[in-house]
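In terms of this note's numbering, the sequence shown opens at residue 78 and continues consecutively.
Beta carbons are placed, not taken as given, at the ideal position from N, Cα and C, and that holds for glycine.
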Amino acid sequence: MTPEPSAAPGSPAWWASQAPAPAYRRGRPPVDVGRIVDMALKLVDEVGVQALTLRMLADALDSGTATLYRHFAGKDELLAHVADRVLGEVPVPSEVPAGLPWREAVERGADAFYRTVRRHPHVLPLLVAQVPVGPHGLINRERTLSLLLGYGFPVDLAARAFTAIGHYVIGFAIQQHGPGAPRPEDEALLRDYYRSLDPATYPATTAAADDLTGVPVEEEFRFGLSLVLDGLEKARSGGGEEARA
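Below you can see the structure in the form of structure tokens.
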């Protein structure tokens, strides 16, 4: 089934239009789609999205670009599969862990998501550009929502919790680890810049110079996540109906 021209690779309409891999007929020996996507992810991790070419990928697979075009109409389609492949690395339990408090379960899930995406910083822009509705994205969404529902979250709050946590993790990861993110050595430069500002004009910024730049990334991530979970706890206990109206 051929996607409509308006169905951008990675979009819901595009994923819905995907057909099984075509049967091999002639030419070079076939290359498994999973192997192609795995190698593409490896190359994206090494050189980035922009530098990846289908010729580079074909050479790495000891194949030809014609083989790739049997499976993908172009690079954008391939990258949609690469983004979904990364989501397939996120470990999400299929049921509520026995005896584990909801907050700890959700925190573990968010932490697993964060650690997965930070291993693939060059893929982060792909996750930002599209709603993850490929096969792995759908499985992760289904399992996470089921986990929240299993803990007694109402459907509307479970949906909002899933979205809020996902936005936080991706946003934090791309700012701290994505292409162009500040290097560790840039932190000292930024701190010195804040300190150099006129304290009469920027009294709060100069006073907070060390705290704005000296917090370890892991600690900053967990602090922000705890704020999100605090809000969910309030909403779940009945203190946030106005947010769900």
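Residue i - DSSP class collapsed to helix/strand/coil
{"i": "SER94", "result": "helix"}
{"i": "SER314", "result": "helix"}
{"i": "SER303", "result": "helix"}
{"i": "SER273", "result": "helix"}
{"i": "TYR191", "result": "helix"}
{"i": "GLY111", "result": "helix"}
{"i": "HIS213", "result": "helix"}
{"i": "GLU172", "result": "coil"}
{"i": "PHE249", "result": "helix"}
{"i": "GLU324", "result": "No information on residue 324 is available, as it lies outside the stretch 78 to 322 that the chain covers here."}
{"i": "LEU177", "result": "coil"}
{"i": "ALA150", "result": "coil"}
{"i": "LEU134", "result": "helix"}
{"i": "LEU201", "result": "helix"}
{"i": "ARG105", "result": "Any reading at ARG105 must be qualified, since the residue scores a pLDDT of 49, below 50, and its modelled position is unreliable; the value itself is stated next. Note: ARG105 maps to coil in three-state DSSP."}
{"i": "GLU262", "result": "helix"}
Pair within 8 Å by beta-carbon distance, residue i and residue j
{"i": "GLU264", "j": "THR282", "result": "no"}
{"i": "GLY186", "j": "VAL169", "result": "yes"}
{"i": "LEU306", "j": "ARG220", "result": "no"}
{"i": "GLY227", "j": "GLU310", "result": "no"}
{"i": "GLU166", "j": "THR193", "result": "yes"}
{"i": "ALA250", "j": "LEU203", "result": "no"}
{"i": "VAL205", "j": "ILE242", "result": "no"}
{"i": "LEU134", "j": "ALA150", "result": "no"}
{"i": "VAL121", "j": "HIS148", "result": "no"}
{"i": "PRO256", "j": "GLY125", "result": "yes"}
{"i": "ALA286", "j": "TYR271", "result": "yes"}
Assigned exposure category for residue i - 16 Cβ within 10 Å defines buried
{"i": "MET78", "result": "Any reading at MET78 must be qualified, since the residue scores a pLDDT of 45, below 50, and its modelled position is unreliable; no value is offered."}
{"i": "ALA235", "result": "buried"}
{"i": "ALA296", "result": "According to the sequence displayed, residue 296 carries Glu and not Ala. That one is exposed."}
{"i": "LEU177", "result": "exposed"}
{"i": "PHE300", "result": "exposed"}
{"i": "GLN127", "result": "exposed"}
{"i": "LEU145", "result": "buried"}
{"i": "ARG218", "result": "buried"}
{"i": "SER140", "result": "buried"}
{"i": "ALA284", "result": "exposed"}
{"i": "TYR279", "result": "exposed"}
{"i": "ARG313", "result": "buried"}
{"i": "PRO209", "result": "buried"}
Supposed contact pair residue j and residue i - C-beta distance, whole angstroms, cut 8 Å
{"i": "HIS254", "j": "PRO198", "result": "5 Å"}
{"i": "GLU184", "j": "LEU302", "result": "7 Å"}
{"i": "LEU129", "j": "ILE113", "result": "So it is not a contact: roughly 12 Å between Cβ atoms."}
{"i": "GLY229", "j": "ALA160", "result": "With a Cβ gap of about 32 Å, GLY229 and ALA160 do not count as contacting."}
{"i": "ALA85", "j": "TRP91", "result": "6 Å"}
{"i": "GLY211", "j": "ALA157", "result": "7 Å"}
{"i": "ALA238", "j": "LEU224", "result": "Rounded, the Cβ-Cβ distance is 10 Å, inconsistent with contact."}
Closer than 7 Å: residue i CB and nearest the ligand HEM heavy atom
{"i": "ARG192", "result": "Within the structure as shown, the ligand HEM is missing, as the structure has no ligands at all."}
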